[in-house]
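One structure below.
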Amino acid sequence: MLLIEKKQIGLDKTAFQAALLQAGAILLRHPSHTLADFLAVSEHFTDQLLRVDPQKGAMGAIGANFGRKPISGFDSLFSATGGDYALPLHGEGYFHFSDPPHLLWFFCATPPQEAGETLLCDGERLFASLPQTIQAGLQQQAIVYSRIHPPSTWQELYGSKDPSHVQAHFKQRGIESRYLPDGSIESRFRSCAIRHRAGKQIFVNNLLPFALRELDTPKQTQARVRFANGESIPSEWIVQILAQAQAQQEEIHWQAKDILVIDNTRFLHGRRQIRDPQRELYLRLGYANFIRQAVA
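Have a look at this one:
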């Protein structure tokens, strides 16, 4: 991660893009940053922001519903908190976006008094550190994320009580689904665990959150991740991946007015448990042509 400790809202676009491609994440740290600065810089470097159409509600989001409601008065500014629990390292949206967002932008409106650190891990470096058995196994076939949404969950998430509407939305987004006898909807999304970029392999996905949830609370969780052929991903692989990721991760100790941008095609992010309810981070997500060219 690259740290820039001066006000850089007027950054040269080409230089900033090159720096982000090299570093994978950039933290702009200056106490005079404002929300207006954050909105301006994220607009400047993002070609297409993920927006929620207020007329369509949750199903108006690019890619799929992603469980976030926009901040009042905005269609592309979201709360980054969503609960106080810890989040394992993951790529944003890889379990349900055919084309996950390229860039994640964070603005620290109110830093926590303690804990609540954001975690970063370079997926390229992480893949290179894994045993060859795991590297080969994760490249040989795709993985499938499955979730069971009880009626109350899918109705709230998608703003509809008609399962056919929700399933049609899933189909449009490349997500398989089936309606279960108890009114739940099971979704299945096929994706690759390893991405390729400029001849390098990158571990960027949602494997750890799904797999760790099943390992920790197998009876309670409604989420699963499997190989495409239905086989389980060995638990010892998950343990080794987690150990390597934790050894390599960086911590962001938030300061007021920090602006963080992450290349979501390369870096994983997560967070430690939030203990300060006043912690307030804002999030924007989007697509950038310079990233698309880099991953092509």
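Read in order, the letters of the sequence shown correspond to residues 65 to 360 in this note's numbering.
Ideal placement from N, C-alpha and C gives every residue a C-beta, glycine not left out.
Bridge-paired residues (DSSP) for residue i
{"i": "I323", "result": "L92, F171"}
{"i": "Y351", "result": "Q112"}
{"i": "E240", "result": "R252"}
{"i": "Y209", "result": "F253, V289"}
{"i": "D280", "result": "Bridge partners of D280: none, in fact."}
{"i": "L66", "result": "I90"}
{"i": "P134", "result": "F142"}
{"i": "F267", "result": "I258"}
{"i": "Y346", "result": "S143, F171"}
{"i": "E314", "result": "L184"}
Three-state secondary structure assigned by DSSP to residue i
{"i": "A179", "result": "strand"}
{"i": "A262", "result": "coil"}
{"i": "R290", "result": "strand"}
{"i": "I249", "result": "strand"}
{"i": "H160", "result": "coil"}
{"i": "P341", "result": "coil"}
{"i": "S224", "result": "coil"}
{"i": "D139", "result": "coil"}
{"i": "H154", "result": "strand"}
{"i": "L332", "result": "strand"}
{"i": "P215", "result": "helix"}
{"i": "L75", "result": "coil"}
{"i": "I297", "result": "coil"}
{"i": "L99", "result": "helix"}
{"i": "L202", "result": "helix"}
{"i": "L184", "result": "strand"}
{"i": "P165", "result": "coil"}
{"i": "P195", "result": "coil"}
{"i": "A232", "result": "helix"}
{"i": "A275", "result": "helix"}
Presumed contact (8 Å Cβ cut-off) between residue i and residue j, rounded CB distance
{"i": "H333", "j": "T174", "result": "The Cβ separation is near 19 Å, so there is no contact."}
{"i": "P273", "j": "P152", "result": "5 Å"}
{"i": "S140", "j": "R348", "result": "6 Å"}
{"i": "Q261", "j": "A358", "result": "According to the sequence as given, residue 261 is Arg; it is not Gln. Confirmed, Cβ separation roughly 6 Å."}
{"i": "F331", "j": "D186", "result": "6 Å"}
{"i": "L184", "j": "E314", "result": "5 Å"}
{"i": "L82", "j": "L66", "result": "Inspection of the sequence shows that residue 82 is occupied by Ala rather than by Leu. With a Cβ gap of about 11 Å, A82 and L66 do not count as contacting."}
{"i": "W18", "j": "P176", "result": "As shown, the chain starts at 65 and ends at 360. That puts residue 18 outside it, with no answer to give."}
{"i": "A87", "j": "R335", "result": "That pair is no contact at about 20 Å."}
Own chain, CB closer than 7 Å to residue i, minus 5 neighbours either side, in chain order
{"i": "R254", "result": "A206, V208, A292"}
{"i": "F191", "result": "Q199, I258, Q265, I266, F267"}
{"i": "P215", "result": "G247, S248"}
{"i": "A128", "result": "Confidence at A128 is low in this model, with a pLDDT of 44, below 50, so its placement is unreliable and no value can be given for it."}
{"i": "S136", "result": "none"}
{"i": "A275", "result": "V289, I297, I302"}
{"i": "S299", "result": "L279"}
Nonlocal neighbours in the same chain, by C-beta distance under 6 Å from residue i, ignoring five residues either side
{"i": "S193", "result": "Q308"}
{"i": "R339", "result": "E178, A179"}
{"i": "K225", "result": "Q219"}
{"i": "S210", "result": "R252, R288"}
{"i": "D148", "result": "I338"}
{"i": "P95", "result": "K321"}
{"i": "Q231", "result": "S241"}
Contacting residues, own chain, Cβ-Cβ under 8 Å from residue i (five flanking each side not counted)
{"i": "H97", "result": "K71, I73, F171, K321, D322, I323"}
{"i": "H213", "result": "L221, S248, I249, E250, S251, Q286"}
{"i": "G350", "result": "S106, T110, D111, Q112, L113, L114, S140, P165, H166, L167, W169"}
{"i": "Q342", "result": "T174, P176, Q177"}
Below-9 Å beta-carbon distance, residue i vs any chain C residue
{"i": "K264", "result": "Checking the listed chains, one finds no chain C in this structure; it contains a single protein chain."}
Are the stretch 324–333 and the stretch 81–98 in contact at 8 Å, needing three or more beta carbon pairs?
yes
Any 3 or more C-beta pairs closer than 8 Å across the stretch 226–246 and the stretch 153–163:
yes
Per the contact definition of three or more C-beta pairs closer than 8 Å, is the stretch 259–273 in contact with the stretch 298–308?
yes
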